[in-house]
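Participant: In the order they appear, the protein sequences are chains A and B. Heads up: the first sequence begins at 56 in our numbering, then just goes up one per residue. Heads up: the second sequence begins at 2 in our numbering, then just goes up one per residue. For glycine and all other residues, C-beta sits at the position ideal for the given N, C-alpha and C. All values derive from a computational prediction rather than experimental measurement.
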Amino acid sequence: MPTAPAFIQAESVSREYRLGETIIHAVHEVSLNVAKGEFLALLGSSGSGKSTLLSMLAGLDRPTSGAIRVQERNLAELEADELARYRRETVGMVFQTFNLLPRMTLEENVELPLRLAEVDRGERDARVGEALERVRLGARRKHRPSELSGGEQQRGALARALVNRPTILFADEPTGNLDSVNGEQILLLLREIQDSLGMTVIMVTHERPLAERFANRIAMLADGRLVSDGVRA
Amino acid sequence: MKKRDLSELALRNLREAVLRNSLTTLGVAVGVASLVAMLSLGVGLQTLASQRLTRSGLFDAVFVMSQNNFRGQRRPAATDTTPKKPSPPLDEDARAQLAKLSNVTEVYPQIRFVTDVKYAGKSETTSVLGLADSARSSGAFEGMTGTYFSSPTANETILQVEFAKELADPPATLIGKDLTLRYAERAVLSKVDPSDPESVLDAAMGGGVSIVPREKTLRIVGVIESDPSAGIGGFGGARVYLPLKMAEQLHVAQPDDLQAFLNGNPAKPAYTAMTVRVHSPKDVPQVEAAIKLMGFATFSLLDATKSLRLVFTVFDLFLGLFGSLALTVASLGIINTLVMAILERRREIGILKALGATDRDVRSLFFAEAGAMGFFGGIFGVTLGWLIGVALTWGTGIYLHRQNLPGVKISYVPWWLALGAVIFSIAVSLAAGLYPAGRAARLNPVEALRYE
């Protein structure tokens, strides 16, 4: 069990989907506390509800019942605009499929969150450069995603997630589309960022060895329920 | 998101699907072009009609007649409550008074007489009319063979073509030739010449007028197809035209001379009618009222212009409705394009939302794209519509030329029409973007991100 005070607090969170007459319980009564600066891995097989839980913690989805408190705010009760602001200012997200916009160059992709956050134009270039240097892609800023390798694309996505200086980084299967070498590099980078910036990282993965190697806490989900939650040394 | 960022993203998105967006924009442009072409035609025809009518002098003129001329005292209309006083003679004094009225630009009498014209041994009796110098710009002389009078007092004449044909065929051969006008001059007998027993007798009888036959040689400078004196004020039918000032100097005996003689004032001849020109048609009612107060009868065609404006307003309305139909069809194209864009860019919308875009940001982005299509479609459409108008004018010009008629500008795109069409195009495009933009904004980010 976590020992530090809760930074993110999930209280009996459930998410149901209705499929015709059938109700699917994607996440069922999950309670979870995450401390500031923690690297939490949500582990589970496909369909276990880990990505659904991550989406709710990231403010992309709302729980059917329960509460998610981040810095004393219940995400379930926030208005749509407030939730968008939470995603914009508090959260950075990395996806399995990178999700870089193909028609934009790498630097334009990284600049996108700054546009949405209405950061001054004069400040943007330095912030984009800083984020790209952090993921060691300073030399590739004019390249389009199609001109980058999978590992580079994921690092680019990581730079985009970091550019607004969020306090929480969510990573949904960040190594899922990468080979083992690139996957390891990404997780090393995640760990480095977490250590250097004191960022809270919540990562969804189904690869236990990677989770055990990089996360300092693993929560296991199965059939939408939290089945184990343990801090690693 | 800031407007500049929004615009940049919207333009980038439009450039991405350049063919489809160009075709949609072209659809809008065709719609706008149809609207602009229709309305420019309406405006052009209205402008043409207004210019022609204004230049004809019918709508900025008040025709003045004496109420007690030889045709008899005019009966006032039942509704006419203007206080009546005895009508003064319509002579040079009246002309000077009329010229002093505010907003009056010109006052000239009607000089018209029937007389003989001799040319190449032939003699024809016909009607002669004096034309004020302002008739030069009336439009009636456009396309005339030859030129207008070189000066208001030139010994020159312009012939109506049918009359000219009676003198020579083809009539154009008459240009530069001379003809002789035979007329009756009104000579006032007032000076006493002791050596002339007749003048002594005239003086003893209280003065009078003498009708003296005269001849005047005039150079033919033009032959005109239409009748510039047609309508009120000209009273139509003249076949030989003279410069008015020169015609006045001829002192041709006029029908109202008899009245002046009977009134015992033969030295001050009265005119049958005078034309009072004003600055603009809107000055007509005020000037007309002032002339009535002077005791004269008046006539103007101002009410006819009001009816004309009403007809053209309805005409423009119908043309605009037909033009708008094409723009409505084009707006369906915008809806289709944007709905397709939502399907294609579902994942992108999900990414934007995951990065913190609000529903409003997404909606604004789609609105901006629709607005940009409307803006560029509007600009292109106005240009296209203007070109259609130019082509119509050009085609009409060729047709009129073949009919031996002067060309006219039938299409006109005023600045307000161009600006209005672009604004209307943007407005219609934004309205067309309402549904797609709303749909994009409502997309669930999780579902959108899952979309392949």
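1) Does chain A have any CB closer than 8 Å to the CB of K3 of chain B?
2) Which class does D284 of chain B belong to by DSSP, given the choice of helix, strand or coil?
3) Does the structure place the stretch 335-342 of chain B close enough to the stretch 17-24 of chain B that three or more beta carbon pairs sit under 8 Å?
4) Tell me the DSSP secondary structure of E137 of chain A in three-state form.
5) Where T116 of chain B and R183 of chain B are concerned, what is the direct C-alpha to C-alpha distance, given to the nearest angstrom?
6) Using a Cβ-Cβ cutoff of 7 Å, what residues of the stretch 355-376 of chain B are near chain A? List them in chain order.
7) Does any C-beta atom of chain D lie closer than 8 Å to the C-beta of E345 of chain B?
8) Where do the ends of the alpha helix (DSSP H) carrying L251 of chain B lie?
9) In three-state DSSP terms, what is S124 of chain B?
10) With burial defined as no fewer than 16 other Cβ atoms inside 10 Å of the residue's Cβ, what is the status of N164 of chain A: buried or exposed?
11) List the residues of chain B whose Cβ lies closer than 7 Å to the Cβ of D136 of chain A, in chain order.
12) Helix, strand or coil for V183 of chain A? Go by DSSP, reduced to three states.
13) Bridge partners for G147 of chain B per DSSP, in chain order?
14) Shorter than 8 Å from the beta carbon of N232 of chain A to some beta carbon of chain B?
15) Below 8 Å CB to CB, which residues in the same chain sit around I233 of chain B once its five sequence neighbours on both sides are set aside?
16) Along chain A, which residues have their Cβ under 7 Å away from the Cβ of I352 of chain B?
17) Assuming M130 of chain A and I123 of chain A make a contact with CB atoms under 8 Å, what is their CB distance in whole Å?
18) In whole angstroms, what is the alpha-carbon distance linking R70 of chain A and I352 of chain B?
19) So is D92 of chain B buried or exposed if we call it buried at 16+ other beta carbons inside 10 Å?
20) Ends of the alpha helix (DSSP H) at G527 of chain B?
21) With distances taken Cα to Cα, identify the nearest neighbour of V253 of chain B among B:R361, B:D170, B:F368 and B:V129.
22) Per DSSP, what kind of secondary structure is S201 of chain A in: helix, strand or coil?
23) When DSSP builds the beta bridges, which residues end up paired with H80 of chain A?
24) Less than 8 Å between the C-beta atoms of R143 of chain A and N219 of chain A, yes or no?
25) Please say whether W387 of chain B and V414 of chain B have beta carbons closer to each other than 8 Å?
26) In chain A, which residues lie with their C-beta within 9 Å of the C-beta of R13 of chain B?
27) Excluding five sequence neighbours on each side, which residues of the same chain lie with their C-beta closer than 6 Å to the C-beta of A442 of chain B?
28) Does chain B have any CB closer than 8 Å to the CB of E173 of chain A?
29) So, using beta-carbon positions, are A274 of chain A and L138 of chain A closer together than 8 Å?
30) So, using beta-carbon positions, are R310 of chain B and A62 of chain B closer together than 8 Å?
31) Report buried or exposed for V224 of chain B, applying the criterion of at least 16 other Cβ atoms within 10 angstroms of its Cβ.
32) Could you run through the stretch 103-115 of chain A and flag, in chain order, every residue whose CB is less than 7 Å away from some CB of chain B?
33) Contact check, A212 of chain A vs F269 of chain A under 8 Å by CB: the rounded distance?
34) Any C-beta of chain B sitting closer than 8 Å to the C-beta of M14 of chain A?
35) Helix, strand or coil for A271 of chain B per DSSP?
Facilitator: So, from the data block:
1) Translated into positions along the second sequence, residue 3 of chain B becomes position 2. At a cut-off of 8 Å, the C-beta of K3 of chain B has a neighbouring C-beta in chain A.
2) In the second sequence, the residue the question calls residue 284 of chain B occupies position 283. Of the three classes helix, strand and coil, the one that applies to D284 of chain B here is helix, per DSSP.
3) The stretch 17-24 of chain B, when compared against the stretch 335-342 of chain B, does touch it at the 8 Å Cβ threshold.
4) For the purposes of this step, residue 137 of chain A is identified with residue 82 of the first sequence, where counting begins at 1. The three-state secondary structure of E137 of chain A, taken from DSSP, is helix.
5) Taking the second sequence and counting its residues from 1, the one referred to as residue 116 of chain B is at position 115. Taking the second sequence and counting its residues from 1, the one referred to as residue 183 of chain B is at position 182. Going by C-alpha positions, T116 of chain B is about 6 Å away from R183 of chain B.
6) Hits within the stretch, in order: A355, L356, G357, A358, T359, D360 and D362.
7) The chain inventory of the structure shown lacks chain D, comprising the protein chains A and B.
8) Taking the first residue of the second sequence as position 1, residue 251 of chain B is located at position 250. Segment: none, L251 of chain B is in no alpha helix (DSSP H) and carries neither H nor E.
9) Here the question's residue 124 of chain B lines up with position 123 in the second sequence. Strand, per DSSP.
10) Position 109 of the first sequence, counting from 1, holds the residue named residue 164 of chain A. Buried, because 16 or more other Cβ atoms sit within 10 Å of the Cβ of N164 of chain A.
11) Taking the first residue of the first sequence as position 1, residue 136 of chain A is located at position 81. By Cβ distance, chain B contributes T359.
12) As a working note, residue 183 of chain A is residue 128 in the first sequence. V183 of chain A: helix per DSSP, three-state reduction.
13) As a position in the second sequence, residue 147 of chain B is number 146, starting the count at 1. Listed as beta-bridge partners of G147 of chain B by DSSP are B:G223.
14) Counting from 1 along the first sequence, the entry for residue 232 of chain A is found at position 177. Not closer than 8 Å to any Cβ of chain B, the Cβ of N232 of chain A fails to qualify, so no.
15) In the second sequence, the residue the question calls residue 233 of chain B occupies position 232. No answer about I233 of chain B holds up, because its pLDDT of 48 lies below 50 and its placement is not dependable.
16) In the second sequence, the residue the question calls residue 352 of chain B occupies position 351. Against chain A, a Cβ distance below 7 Å from I352 of chain B picks out N154 and L156.
17) Taking the first residue of the first sequence as 1, we reach residue 130 of chain A at position 75. Taking the first residue of the first sequence as 1, we reach residue 123 of chain A at position 68. For the sequence presented, residue 130 of chain A should be read as Leu rather than Met. Sure, about 4 Å apart at Cβ, within 8 Å.
18) Along the first sequence, one-based indexing puts residue 70 of chain A at 15. Along the second sequence, one-based indexing puts residue 352 of chain B at 351. When the Cα atoms are used, R70 of chain A and I352 of chain B turn out to be separated by approximately 22 Å.
19) Position 91 of the second sequence holds residue 92 of chain B. It is buried - the Cβ of D92 of chain B has at least 16 other Cβ atoms within 10 Å.
20) Nothing can be reported for residue 527 of chain B, as the shown portion of chain B is limited to 2 through 453.
21) Here residue 253 of chain B refers to the residue found at position 252 of the second sequence. V253 of chain B has its Cα closest to that of B:V129, out of B:R361, B:D170, B:F368 and B:V129.
22) Counted from its first residue, the first sequence places residue 201 of chain A at position 146. The DSSP-derived three-state label of S201 of chain A is helix.
23) Within the first sequence, numbered from 1, the residue matching residue 80 of chain A stands at position 25. Per DSSP, A:E71.
24) What you label residue 143 of chain A is simply residue 88 of the first sequence in a count that begins at 1. What you label residue 219 of chain A is simply residue 164 of the first sequence in a count that begins at 1. If you check the CB distance, R143 of chain A and N219 of chain A come in under 8 Å.
25) By one-based count along the second sequence, residue 414 of chain B stands at place 413. By one-based count along the second sequence, residue 387 of chain B stands at place 386. In this structure, V414 of chain B places its C-beta atom within 8 Å of the C-beta atom of W387 of chain B.
26) As a first step, residue 13 of chain B must be located in the second sequence, where it is residue number 12. Near R13 of chain B (Cβ distances below 9 Å), the residues of chain A are R158, M159 and E163.
27) In the second sequence, counting from the first residue as 1, residue 442 of chain B sits at position 441. Excluding sequence neighbours, A442 of chain B sits near D360, V363 and R364.
28) Sequence index remark: in the first sequence, residue 173 of chain A carries index 118 (1-based). The Cβ of E173 of chain A sits closer than 8 Å to at least one Cβ of chain B.
29) Walking along the first sequence from the start, residue 274 of chain A turns up at place 219. Walking along the first sequence from the start, residue 138 of chain A turns up at place 83. With respect to the 8 Å criterion, A274 of chain A and L138 of chain A are not classified as neighbours on the basis of their beta carbons.
30) In the second sequence, the residue the question calls residue 310 of chain B occupies position 309. In the second sequence, the residue the question calls residue 62 of chain B occupies position 61. No. Outside cutoff.
31) Taking the first residue of the second sequence as position 1, residue 224 of chain B is located at position 223. With 16 or more Cβ atoms within 10 Å of its Cβ, V224 of chain B is classed as buried.
32) The residues in question are S110 and L115.
33) Here residue 212 of chain A refers to the residue found at position 157 of the first sequence. Here residue 269 of chain A refers to the residue found at position 214 of the first sequence. No, A212 of chain A and F269 of chain A are not in contact; Cβ-Cβ is about 17 Å, not under 8 Å.
34) Here chain A covers residues 56 to 288 and nothing more, so residue 14 of chain A does not appear.
35) As a working mapping, residue 271 of chain B is identified with position 270 in the second sequence. Correct three-state label for A271 of chain B: coil.
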